[in-house]
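Listed in order, the protein sequences are those of chains U and C. So the first sequence is residues 0 to 110, counted in numbering that gives the first Met the number 0. So the second sequence is residues 0 to 140, counted in numbering that gives the first Met the number 0.
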Amino acid sequence: MNFSASLQDGILVIQALDDRIDAAGAIQFKDRMRELTQTASDRVVLDLSRVAFVDSSGLGAVVAVLKALAPYRKLELAGLTPTVQKVFRLTRMEQVFTIHDRLPLPLRHAN
Amino acid sequence: MVTPLPTARVHITLVSDPLAVRAGLLSLLCMAPLCDLSDDLRGTVELVLAEVLNNIVEHAYAQYDGQIGVTLILERSILRCEVVDHGLPMPANLLPPGQLADCASLPEGGYGWFLIRSLTCGLAYDRKAGRNTLVFQIDAE
Chain U
0 MNFSASLQDG ILVIQALDDR IDAAGAIQFK DRMRELTQTA SDRVVLDLSR VAFVDSSGLG
60 AVVAVLKALA PYRKLELAGL TPTVQKVFRL TRMEQVFTIH DRLPLPLRHA N
Chain C
0 MVTPLPTARV HITLVSDPLA VRAGLLSLLC MAPLCDLSDD LRGTVELVLA EVLNNIVEHA
60 YAQYDGQIGV TLILERSILR CEVVDHGLPM PANLLPPGQL ADCASLPEGG YGWFLIRSLT
120 CGLAYDRKAG RNTLVFQIDA E
């Protein structure tokens, strides 16, 4: 799994650069996210705008990252594509995560 | 009047490995009948097949490797799917109920059968002569 990460105004923005988080990549996703979120920040925003597909293993991995950041930081999500949005909606994970339609404007430039 | 989608059938065989599942899904999506469906429907089919196939890799073939056969038939705007493996049977020869756990408890798994049951109809499982057969339908209209 490939990512880009930048820290701006206390917000750590991580963009997933691969187009899927699935059973074949879920463990690697969790491990890389654990490394990247070692950077101190007030907030963590995961940009999923390049991810076209997340299966239940991928969803479990995103939930695991949310839990690993608690209780001091939350994992926020941005840029869910239609099939990914469907998975979050059906499993009611939309209620658990803070989800932004797009990356907040000041942060778009950095990525 | 809406023109019905053309009748089409495809069959693939893949080995019980997560990377083979990924490659199999990506090739199926490029072939008829899936390549003729809307992006939304293709996403639904990809999700359901991913859950079904990954379950087989993780559970049915937990102790040994094997082959998985996938047949998709699109007829009169219904996509009929049949998935066959020679792995271990479902526990008690029954399909899992697929109930969603309380989302506040933040489960890291257990979403697969819930998604399959939410997105399909006519789900049926049969175990005969060491062979698991799962059939289901997805409305392609």
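Don't be surprised by glycine CBs; every beta carbon is placed ideally from N, CA and C.
- Proximity of residue 107/C to chain U, defined by a Cβ-Cβ separation below 8 Å, is satisfied.
- Neighbours of residue 56/U in chain C, taken as residues whose beta carbon is under 7 Å from its own, are 53 in chain order.
- Residue 58/C and residue 8/U have their C-alpha atoms spaced approximately 45 Å apart.
- Here the alpha carbon of residue 110/C sits roughly 7 Å from the alpha carbon of residue 90/U.
- Chain-order list of chain U residues neighbouring residue 18/C: 23, by C-beta distance under 8 Å.
- Sorting 34/C, 7/C, 65/C by C-alpha distance to the C-alpha of residue 20/C places 65/C at the top.
- If you compare the alpha carbons of 97/C, 39/C, 127/C, 128/C with that of residue 50/C, the shortest gap goes to 97/C.
- Within a 10 Å sphere around the beta-carbon of residue 13/C sit 16 or more other beta-carbons, which makes this residue buried.
- Beta-bridge annotation (DSSP): residue 3/U is paired with 14/U.
- The beta carbon of residue 85/U falls within 8 Å of a beta carbon belonging to chain C, placing the residue at that interface.
- Non-local C-beta neighbours of residue 0/U in its own chain, meaning closer than 6 Å and more than five positions away in sequence, comprise 17, 24, 27, 28, 31, ordered along the chain.
- By the C-beta criterion, the stretch 25–35 of chain C is judged not to be in contact with the stretch 37–50 of chain U, since fewer than 3 inter-stretch pairs fall below 8 Å.
- By the CB criterion at 8 Å, residue 30/C and residue 9/C fall inside the cutoff.
- Less than 8 Å divides the Cβ of residue 15/U from the Cβ of residue 47/U.
- Taking a contact as a CB-CB distance under 8 Å, the pair residue 17/C and residue 56/C counts as one, their CB atoms being some 6 Å apart.
- For residue 84/U, the enclosing alpha helix (DSSP H) stretches over residues 81–89.
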